[in-house]
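Using full-length UniProt numbering, the first residue of the sequence shown is number 1, and each one after it goes up by one. Every residue, glycine too, gets a C-beta built ideally from N, C-alpha and C. Only one structure is covered here, and it is reproduced in the block below.
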Amino acid sequence: MRDRSLCGALDKTALAEMARIGRRRTLAAGESLQFEGDDNILCANVLDGVLKLSSLTASGGAQTVGLLYPADFIGRPYADTVDHDITALTRAEVCIFPRAPFERMLAQNAALERQLLRRTLSELERSRRWLLFVGRKSAGARLAGLLIDIARRMAQTGCGTDFGIGQLIQLPLTRTEMADVAGLTIETVSRELGKLKDAGAIATEGRRGLRILKPTALQAIMDSE
Numbered sequence: 001m002r003d004r005s006l007c008g009a010l011d012k013t014a015l016a017e018m019a020r021i022g023r024r025r026t027l028a029a030g031e032s033l034q035f036e037g038d039d040n041i042l043c044a045n046v047l048d049g050v051l052k053l054s055s056l057t058a059s060g061g062a063q064t065v066g067l068l069y070p071a072d073f074i075g076r077p078y079a080d081t082v083d084h085d086i087t088a089l090t091r092a093e094v095c096i097f098p099r100a101p102f103e104r105m106l107a108q109n110a111a112l113e114r115q116l117l118r119r120t121l122s123e124l125e126r127s128r129r130w131l132l133f134v135g136r137k138s139a140g141a142r143l144a145g146l147l148i149d150i151a152r153r154m155a156q157t158g159c160g161t162d163f164g165i166g167q168l169i170q171l172p173l174t175r176t177e178m179a180d181v182a183g184l185t186i187e188t189v190s191r192e193l194g195k196l197k198d199a200g201a202i203a204t205e206g207r208r209g210l211r212i213l214k215p216t217a218l219q220a221i222m223d224s225e
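This is the structure:
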């Protein structure tokens, strides 16, 4: 996991310093790590589990705007306040670094600074692609795309088997949260899940279990207009 995380850019001396300033914290599902508008006092690496980023809407509700998987980085160095609520969707473990010592490490370690910049730009590009996808695609394509993204990310981070026929994942999102991320209503999510099941592309197992039966069919739906 360390090789995929921000710490993969560090030598032994820097790793020892990160270990000195860091501490592990376990979050229960539904527990928040930070709240939007809080003083920005920490950064973190996700070690296990899935978390969500959410923002308050004008009506006072919460909008899910992103997901965090193992090896993802949490936080914004040099920012004074927290931009989003950060909440565990599953039981999660994070390695927390106080912001000030972490910023000092960035200033002293060019490799760490470059790695953080690369990750930030990659996440920005991922967000842009998703916004373009949601703006152009049908409801069915959006939901299929979301399921594929979750399945692939969970497989890459060891939270599930490889993406393919028979892959079983435990969905970290409720249908309300899936609707938020895909820009749909809850009713549309339920309807489109039913269509995917009727087409034999997926099967549901229990409350959150979802099995990929026909990955090529799911991909074709995602690629359709």
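Burial state of residue i, where buried means 16 or more other Cβ atoms lie within 10 Å
| i | result |
| --- | --- |
| residue 243 | A question about residue 243 goes unanswered here, because the residues of the chain that appear run from 1 up to 225. |
| residue 198 | exposed |
| residue 205 | exposed |
| residue 116 | buried |
| residue 180 | buried |
| residue 211 | exposed |
| residue 124 | exposed |
C-alpha distance - residue i paired with residue j, whole-angstrom precision
| i | j | result |
| --- | --- | --- |
| residue 137 | residue 176 | 19 Å |
| residue 49 | residue 119 | 19 Å |
| residue 22 | residue 13 | 14 Å |
| residue 228 | residue 31 | No answer is possible for residue 228: the residues shown for the chain start at 1 and end at 225. |
| residue 153 | residue 108 | 32 Å |
| residue 69 | residue 51 | 7 Å |
| residue 216 | residue 45 | 33 Å |
| residue 224 | residue 43 | 39 Å |
| residue 208 | residue 189 | 14 Å |
| residue 128 | residue 219 | 20 Å |
| residue 64 | residue 18 | 30 Å |
| residue 131 | residue 100 | 33 Å |
| residue 169 | residue 74 | 23 Å |
Beta carbon of residue i nearer than 8 Å to that of residue j
| i | j | result |
| --- | --- | --- |
| residue 78 | residue 103 | yes |
| residue 141 | residue 167 | no |
| residue 25 | residue 96 | yes |
| residue 88 | residue 146 | no |
| residue 139 | residue 171 | no |
| residue 40 | residue 91 | no |
| residue 111 | residue 10 | yes |
| residue 193 | residue 94 | no |
| residue 36 | residue 56 | yes |
Reduced DSSP category for residue i - H, G, I as helix; E, B as strand; rest coil
| i | result |
| --- | --- |
| residue 101 | helix |
| residue 205 | strand |
| residue 211 | strand |
| residue 173 | coil |
| residue 179 | helix |
Residue i Cβ short of 7 Å to the ligand FMN heavy atom set
| i | result |
| --- | --- |
| residue 96 | For the structure depicted, the ligand FMN is absent and the ligand set is empty, with no information on it obtainable. |
First through last residue of the beta strand (DSSP E) which encompasses residue i
| i | result |
| --- | --- |
| residue 41 | No beta strand (DSSP E) holds residue 41; DSSP gives it neither H nor E. |
| residue 62 | 62-68 |
| residue 169 | 168-170 |
| residue 32 | 32-34 |
| residue 86 | 85-88 |
| residue 54 | 51-56 |
Residue span of the alpha helix (DSSP H) that contains residue i, given as start and end
| i | result |
| --- | --- |
| residue 148 | 139-156 |
| residue 188 | 186-198 |
| residue 122 | 110-136 |
| residue 13 | 12-21 |
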